[in-house]
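In this note's numbering, the protein residues as written are 6 to 268.
Backbone N, C-alpha and C define an ideal beta-carbon position, used for all residues, glycine too.
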Amino acid sequence: MSAELDALTVVNQLRDLAADPLNRRAIVEDQGCLPGLILFLDHPNPQVVYSALLAVRYLAECRANREKMKGELGMMLSLQNVMQKGTSPGETKLLASEIYEILQAAGKEEAEQAEAAAASCQRKAHFFLGSNNKRAKTVVLHIDGLDDPTRRSLCEEALLKIRGVISFTFQMAVKRCVVRIRSDLKAEALGTAINSTKVMTAQQVVKTDDGGELMVPFQEDSEVLVEENTDIPDYLPEEENQVCATSAGLPSGTCNNFNLCIY
Numbered sequence: 006m007s008a009e010l011d012a013l014t015v016v017n018q019l020r021d022l023a024a025d026p027l028n029r030r031a032i033v034e035d036q037g038c039l040p041g042l043i044l045f046l047d048h049p050n051p052q053v054v055y056s057a058l059l060a061v062r063y064l065a066e067c068r069a070n071r072e073k074m075k076g077e078l079g080m081m082l083s084l085q086n087v088m089q090k091g092t093s094p095g096e097t098k099l100l101a102s103e104i105y106e107i108l109q110a111a112g113k114e115e116a117e118q119a120e121a122a123a124a125s126c127q128r129k130a131h132f133f134l135g136s137n138n139k140r141a142k143t144v145v146l147h148i149d150g151l152d153d154p155t156r157r158s159l160c161e162e163a164l165l166k167i168r169g170v171i172s173f174t175f176q177m178a179v180k181r182c183v184v185r186i187r188s189d190l191k192a193e194a195l196g197t198a199i200n201s202t203k204v205m206t207a208q209q210v211v212k213t214d215d216g217g218e219l220m221v222p223f224q225e226d227s228e229v230l231v232e233e234n235t236d237i238p239d240y241l242p243e244e245e246n247q248v249c250a251t252s253a254g255l256p257s258g259t260c261n262n263f264n265l266c267i268y
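Below, the structure is given as structure tokens:
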């Protein structure tokens, strides 16, 4: 396995660990994880950079992490470099900018953040729901047929082909996918992409006035033009075997408290 593939495998594992709110504090407190992610932000492979940004964005969802993340050597500079790099895809720049703004604001409302930190870190994963970025929005999908890692990989490939998809995370137990997209992208484009797999169908989950949930199917006869994303290279799914983070050149001790198997 090449060093580049090793790096992609490790950063994908870190990303999925960070997706669990219960792991976020421990990852930031670990001596190797956060510095390792910062190194990945400067990686020559755009897929590695994008996956590292997703992991950092997950970690920043925990308010108690933000001050330490902001002060971590190289964090803010690396985010700026991604934002200013001419070769960075648009979605990558947007995600880096969103993280930068969140960390830049860290410390301004310390009392409020400390009060909400415990609840924020224990809350069930709601990916990017707290973002104030008006250029992006969140869509929750219920996907019939999302039953195993193979189907998940098919779903990932379909979503990554859509220009305007910023990030996404899966809740396999309830067959859901939470997708962060540009505000000008229609949710129907996500349904069209998922339905194109021929083995899965998607419905949009929306909140009702009384606080409940309603599943809204996408119209089968609706023709939605899906603009394909050619900036990001072909997606490589995570390895199902355990991966030692030190194999990709991370400092020793990186995430040594975690089982890196996702399933």
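Neighbour-count burial assignment, residue i, 16 or more Cβ in a 10 Å radius
i	result
Asn262	Only weak support exists for where Asn262 lies, its pLDDT of 38 falling under 50; the coordinates are left without a value.
Asp214	exposed
Ala65	buried
Leu99	buried
Arg29	buried
Arg140	exposed
Asn17	buried
Leu13	buried
Thr197	buried
Asp152	exposed
Ser201	exposed
Asp21	buried
Glu103	buried
Gly169	buried
Ser188	exposed
Val211	exposed
Ala31	exposed
Ala23	buried
Val53	buried
Val145	buried
Val221	exposed
Ala163	buried
Ala178	exposed
Residue range of the alpha helix (DSSP H) that includes residue i
i	result
Pro154	Pro154 to Leu165
Gln52	Pro51 to Ala65
Secondary structure of residue i, DSSP reduced to three states
i	result
Leu190	coil
Cys38	helix
Leu78	coil
Met205	coil
Gln247	Note that Gln247 scores 35 on pLDDT, short of 50, meaning its location in the model is unreliable; the coordinates nonetheless yield the value given after this. If DSSP states are grouped into helix, strand and coil, Gln247 belongs with coil.
Lys212	strand
Asn264	Confidence is the limiting factor: at Asn264 the pLDDT is only 33, short of 50, which leaves the residue's position unreliable, though a coordinate-based value still follows. Three-state DSSP puts Asn264 in coil, outside helix and strand.
Start-to-end residues for the beta strand (DSSP E) that takes in residue i
i	result
Thr97	It is not in any beta strand (DSSP E) - Thr97 instead sits in the alpha helix (DSSP H) that spans Gly95 to Gln109.
Lys142	Ala141 to Asp149
Thr174	Val170 to Gln176
Pro222	Glu218 to Pro222
Cβ distance (whole Å) where residue i is taken to contact residue j below 8 Å
i	j	result
Phe173	Arg185	7 Å
Leu195	Ala207	7 Å
Tyr105	Met88	7 Å
Pro51	Thr97	7 Å
Ile148	Lys191	Between Lys191 and Ile148 the Cβ distance is about 18 Å, and since that is not below 8 Å, they are no contact.
Met74	Leu46	Actually they do not touch by this definition, with Cβ atoms about 12 Å apart.
Glu72	Ala111	5 Å
Leu44	Val61	No, Leu44 and Val61 are not in contact; Cβ-Cβ is about 12 Å, not under 8 Å.
Leu84	Ala101	5 Å
Leu39	Val33	6 Å
Any non-hydrogen atom of the ligand PLP within 8 Å of residue i CB
i	result
Gln109	As far as ligands go, the structure on display features none, and thus does not contain the ligand PLP.
Any C-beta of chain C under 9 Å from that of residue i
i	result
Ala57	Of the protein chains in the structure, only one exists, and it is not chain C.
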